[in-house]
Amino acid sequence: MALLDWISDAGGPVVEGEGVILRSPRSADHEAWAMLRQESYPYLQPWEPTWPEDDLTRAAFKRRLAIYQRELEAGNAWPFFIFTDHGRTLVGAVTLSNVRRGVAETGTIGYWIGRPFAGQGHATAAVRALVGFAFTELNLHRVEAACVPHNMASRRVLEKSGFEHEGRARAYLKINGGWADHLLFGRVNDGAGRAG
Numbered sequence: 427m428a429l430l431d432w433i434s435d436a437g438g439p440v441v442e443g444e445g446v447i448l449r450s451p452r453s454a455d456h457e458a459w460a461m462l463r464q465e466s467y468p469y470l471q472p473w474e475p476t477w478p479e480d481d482l483t484r485a486a487f488k489r490r491l492a493i494y495q496r497e498l499e500a501g502n503a504w505p506f507f508i509f510t511d512h513g514r515t516l517v518g519a520v521t522l523s524n525v526r527r528g529v530a531e532t533g534t535i536g537y538w539i540g541r542p543f544a545g546q547g548h549a550t551a552a553v554r555a556l557v558g559f560a561f562t563e564l565n566l567h568r569v570e571a572a573c574v575p576h577n578m579a580s581r582r583v584l585e586k587s588g589f590e591h592e593g594r595a596r597a598y599l600k601i602n603g604g605w606a607d608h609l610l611f612g613r614v615n616d617g618a619g620r621a622g
């Protein structure tokens with residue numbers, strides 16, 4: 427499928443999953459995104475890097491969109507917002523980043539779901555849809571993900587999405603102000619193009 431066949435007016439592809447739609451972030455998403463992130467701060471902060479002071483401002487969001495666009499154009503990352511209700515309700519985000527071609531043909535998946543929508547299967551649906559996109563549209567051989575060991579919800583998302591636990595990395599990422607160990611997960615493209 428040619429790139430132009432699935433580019434949306436948001437500057438990137440639109441991917442449909444089970445009850446979710448993934449599309450590239452737009453400038454008009456700022457208010458809904460900032461409100462969801464602010465409301466979810468206590469829920470998300472233990473699992474994420476420390477937020478910059480201006481993280482939720484419109485100016486910071488515009489910088490974020492510019493970075494997303496550069497990464498998308500370079501083929502290094504595919505950022506998506508996760509929507510339900512036929513694209514009306516923003517519930518979180520999922521990104522395929524660190525895409526490496528050549529002998530690797532791999533990328534890394536990361537995701538978050540806002541607190542009001544947690545535990546409803548949206549992260550699993552989004553990860554499954556993104557894996558399908560990575561394998562079918564981008565022809566990647568492998569996708570990887572990681573989570574801190576005590577984030578059981580994130581681990582369940584990965585396991586339900588067909589990822590296998592592959593090991594543990596010490597002090598892997600700086601999370602909530604400190605270096606944190608992470609469990610490493612991977613999924614290899616079996617050639618069938620299945621998403622989950």
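The numbering of the sequence shown is the working numbering, which starts it at 427 and goes up by one. Beta carbons: idealized from backbone N, C-alpha and C, even for Gly. Everything numeric in this text was worked out from a predicted model, so none of it was measured.
- Secondary structure of Thr532 (DSSP, three-state): strand.
- Proximity of the segment 487-496 to the segment 548-568 falls short of the contact definition, fewer than three beta-carbon pairs being nearer than 8 Å.
- Ala552 and Gly443 do touch by the CB rule: their CB atoms are close to 6 Å apart, below 8 Å.
- Under the three-state reduction of DSSP output, Phe589 falls in the coil class, being neither helix nor strand.
- Leu498: member of the alpha helix (DSSP H) spanning Arg484 to Ala500, first to last residue.
- For Arg554, the enclosing alpha helix (DSSP H) begins and ends at His548 to Thr562.
- Rounded to whole angstroms, the separation of the alpha carbons of Ile539 and Gly545 is 9 Å.
- A straight line joining the alpha-carbon of Ala530 with that of Thr562 spans about 16 Å.
- Put simply, the backbone Cα of Arg452 is about 13 Å away from that of Ala460.
- Going by DSSP, Trp459 is part of the alpha helix (DSSP H) stretching over His456 to Glu465.
- According to DSSP, Gly612 shares a beta bridge with Glu570 and Glu590.
- Note on geometry: alpha-carbon atoms of Thr532 and Ser450 lie some 20 Å from one another.
- With respect to the 8 Å criterion, Leu556 and Phe509 are not classified as neighbours on the basis of their beta carbons.
- Residue pairing for Glu442: DSSP places it in a beta bridge opposite Ile447.
- Counting of Cβ neighbours within 10 angstroms places Gly536 among the buried residues, the total reaching 16 or more.
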